[in-house]
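Report on one structure; see the data block that follows.
2 protein chains.
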Amino acid sequence: MKYTMAIIGFGGMGSWHAENVLSHIDGITVKGVYDIQKSAQDKALSHGLYVYGSLEELLEDREIDLVTIATPNDSHKDYAIALLKAGKNVICEKPVTMNVSQLEEIMETAEKSGKIFSIHQNRRWDKDFVIIKTLLDQGELGRPYFIESRVQGSRRAMYGWRGHKTNGGGMVLDWGVHLLDQLLNLIDSPVVSVDAHLFSLYSDEVDDNIKIFLRFENKVSALCEMSTNCLINHPRWHISCTDGTAVIEDWSCKGKIVKLKADSQMSWSEDIVYTEAGPTRTMAPRPEYTTNILELPEVQTDWSDYYKNIVNVMEGKAELIVKPQQALRVMKVIEKVFESEETGAGVSCHI
Amino acid sequence: MKYTMAIIGFGGMGSWHAENVLSHIDGITVKGVYDIQKSAQDKALSHGLYVYGSLEELLEDREIDLVTIATPNDSHKDYAIALLKAGKNVICEKPVTMNVSQLEEIMETAEKSGKIFSIHQNRRWDKDFVIIKTLLDQGELGRPYFIESRVQGSRRAMYGWRGHKTNGGGMVLDWGVHLLDQLLNLIDSPVVSVDAHLFSLYSDEVDDNIKIFLRFENKVSALCEMSTNCLINHPRWHISCTDGTAVIEDWSCKGKIVKLKADSQMSWSEDIVYTEAGPTRTMAPRPEYTTNILELPEVQTDWSDYYKNIVNVMEGKAELIVKPQQALRVMKVIEKVFESEETGAGVSCHI
């Protein structure tokens, strides 16, 4: 085994990292865990992992090449900086930090140390996202102009530290980070405005249902939604392009493309049509023979590719796929999200 | 017959008004039409209507109590003021004017004249809207917090004068006026921010696909969308309330309500659930036994009620349902819509 890894924080995601690396990543083994909670320490022992008695012990363990941080969000910065200074490569769970300045501090330290610092934006390998990215890269539907990305749950659930503002809880910093990271990787243009409508429906401290509207400089707009109180869902993705519309219903990636035929756009009647809600011309249904229904592109994706890239970077064979500069952009947008909610209106930016 | 009406502008909507009044409104007869186009004059004659040779002839016709204006939007103001000064009651097609100041001028003239001035916001009697209004008035789903109202067509069609900016064309001034009028009547609170993303996909001059995001002072938010290039539609209405979600699919008013049961919200497992897109707690599906599926409320609606109200107002028996003050609010929001698009970000307001 080439590389040895440790994990800080052995909750739900921490134990997922151990399992994932041990079962899917050839180049890395997992040695041990540092967690301040007794129950997490017991869980690590029962998985046959070493339990570090202190952070210092981990920092001084020369066997460790790579450490993944999976603790509550407010502790990421201090752990990351300590690890980088100790010469470790570092993977950090998202959201990378609580704000832009914390991340900039980490990035300075990483640069000085020459070590890897990356963020576990695993959802860039989600099948639904890769389908949409492939579709837009192919460009067969013309120019995209409105992108809707939604994750709608109904468990009304902001569990544990995720319900606390001081720990970096709330939906913006939970799923918001994923959906914004995906959008910024989908649309190659600066964000020029952010309008965020954040709701705290049942949480005392944090946002639990959110909508974020973005303008990009290239005239693409996007709506990004995370709900924990939605009982009738919209599709996961709804993509409006000049020559067609694409939809992915849910994580199973069922969906379709409807594309305008080039040759039959206006060969049908322009008269007023009497719908069930009265007369209309513009909103009357389009005849089916003017469109084609197409399958979504086939793609292969694997969350393991995240760690495989880390191995390749450690070996000097590849560039980092999830770069701190990208996370910095997301954090800058998130600061505008909170600014927008505070001021109660949309805000301009150039991010 | 008590009242005699004339129509200015005998295009699609003008002839609809004649037909509607003659077949559904007991108290009003339609005498004649003023239209500068020969083809419209011929159509009026073929319907057995009198054709006025000039606007002056219509203004001086003492038989006429009521005139409906159904001309391109840029001509509404001058006609309305001339008619009110001539002592006629006036109904104006929407959008009432091109901007706020034009409407204020009409309202001053109406006040001095003592005559009725109303706007044909017929879609306040659309069945889908009345169902949503009834549902929210009943309050059984708790507090609404996000309202989505969409009309999605795919005919890529901004016909005739609707394609020209100088005539008041474009989607904001066409369907936008309807959807905003409905929203302002649904939510009893000032609009405090407007963020409008307007697209001109195939029109040279006007917006043809639009999304408008509104914040109301009472913390309700809304998305209002009009598309002419959408090939896979969202529901006509999607209403998020604290205790449930309601959807109306389309103008046929198929739809449903899903409501949380009060007694079983958190009696189920809180563990991480492995969905097709990996582990999640917050976004795992909610068990069906924690919700009820309910029917949408039954309502009776009739577009004729608009003219019946006008008859009752002329008889002194009722208050105007569609008041110019309401149209003024819509026009003020629309000015913010264009301001938002121009500045490229959301704008604050108090309307």
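Heads up: the sequence lines are chains A and B, in that order.
If you count the first sequence from 1, position 334 lands on 334 in UniProt numbering, and the numbers rise without skipping.
If you count the second sequence from 1, position 128 lands on 128 in UniProt numbering, and the numbers rise without skipping.
Note that the Cβ used here is the ideal one computed from N, Cα and C, for glycine as well.
Check, Outcome
"Beta-carbon separation of I106(A) and I81(A) under 9 Å?", "yes"
"Check E93(B) in the structure and name its three-state DSSP category.", "coil"
"Out of I210(B), D137(B), F216(B), which one is the CA nearest neighbour of V220(A)?", "I210(B)"
"Say whether chain A places a C-beta atom closer than 9 Å to the C-beta of R158(B).", "Position check: residue 158(B) holds Met in this sequence, whereas Arg was assumed. It does: the Cβ of M158(B) has a partner Cβ on chain A nearer than 9 Å."
"Distance cutoff 9 Å, beta carbons only. Does P297(A) sit that close to anything in chain B?", "no"
"Taking all protein chains shown into account, do 16 or more other C-beta atoms lie within 10 angstroms of the C-beta of K88(B), making it buried, or fewer, making it exposed?", "buried"
"Check each candidate in R156(B), V151(B), R215(B) and name the one with the smallest Cα separation from V333(B).", "R215(B)"
"Counting Cβ pairs, one atom from each stretch, are 3 or more of them under 8 Å apart for the region 182 to 196 of chain B and the region 139 to 159 of chain B?", "yes"
"To the nearest angstrom, report how far apart M13(A) and V177(A) are at their CA atoms.", "16 Å"
"Relative to the C-alpha of H350(B), which candidate in K43(B), V330(B), G163(B) has its C-alpha closest?", "V330(B)"
"Do you know offhand how far A222(B)'s Cα is from A196(A)'s?", "12 Å"
"Please determine if the region 313 to 329 of chain A and the region 109 to 128 of chain A are in contact, where contact requires at least 3 C-beta pairs separated by less than 8 Å.", "yes"
"With DSSP collapsed to three states, give me the class of L179(B).", "helix"
"Starting from E225(A), follow its DSSP beta bridges and name the residues at the other end.", "R150(A), K211(A)"
"Note down, in chain order, every chain B residue with its Cβ under 8 Å from the Cβ of residue 352(A).", "Nothing about residue 352(A) can be reported from this structure: the residues present for chain A run from 1 to 351 only."
"Among residues of its own chain, excluding the 5 on either side of I248(B), which ones have a beta-carbon nearer than 8 Å to its beta-carbon?", "D128, I131, I132, P235, R236, W237, K254, G255, L296"
"For T134(A), return the contacting residues in chain B, with the cut-off set at a CB-CB distance below 9 Å.", "Simply none; closest approach about 16 Å."
"Determine the DSSP secondary structure at P144(B), reduced to helix, strand or coil.", "strand"
"Is the Cβ-Cβ distance between E44(B) and G53(B) less than 9 Å?", "Glu is not the amino acid found at residue 44(B); the sequence shown has Ala there. Contact flag unset, no."
"Is K77(B) a contact residue of the ligand NAD, with contact defined as CB to any heavy atom under 8 Å?", "Only the bare structure without any ligand can be found here, which leaves the ligand NAD out of the picture."
"How would you list, in chain order, the residues of chain A whose beta-carbon sits under 9 Å from the beta-carbon of residue 421(B)?", "It is not possible to answer for residue 421(B), since the shown part of chain B is limited to 1 through 351."
"Could you check the C-alpha separation between E288(B) and E140(B) for me, to the nearest Å?", "19 Å"
"How many Å lie between R150(A) and M226(A) at the Cα?", "6 Å"
"For D70(B) versus H17(B), is the C-beta spacing smaller than 9 Å?", "According to the sequence displayed, residue 70(B) carries Ala and not Asp. A contact, by the Cβ cut-off of 9 Å."
"Taking a contact to mean a Cβ-Cβ separation below 9 Å, would you say G11(B) touches D35(B) in this structure?", "yes"
"Within 10 angstroms of its Cβ, does G153(A) collect 16 or more other Cβ (buried), or is it exposed?", "buried"
"What residue ranges within the region 42 to 108 of chain B form continuous beta strand (DSSP E) runs of no fewer than 3 residues, ordered along the chain?", "66 to 69, 89 to 92"
"From T245(A) to Y202(B), what distance separates their C-alpha atoms?", "16 Å"
"Quick one: any contact between the region 90 to 99 of chain B and the region 56 to 72 of chain B, if contact means 3 or more CB pairs under 8 Å?", "yes"
"Taking the C-alpha atoms as reference points, what is the distance between K336(B) and Q102(B)?", "16 Å"
"In the DSSP assignment, what are the bridge partners of S15(B)?", "S15(B) pairs with nothing; no bridge assigned."
"Please classify T228(B): is it buried, with 16 or more other beta-carbons within 10 angstroms of its beta-carbon, or exposed?", "buried"
"Does the Cβ-Cβ distance between C224(A) and L173(A) come in under 9 Å?", "no"
"Establish whether the CB of S154(A) and some CB of chain B are separated by less than 9 Å.", "yes"
"Give me the Cα-Cα distance between L180(B) and F213(B), rounded to the nearest whole angstrom.", "11 Å"
"Within 10 angstroms of its Cβ, does I25(B) collect 16 or more other Cβ (buried), or is it exposed?", "buried"
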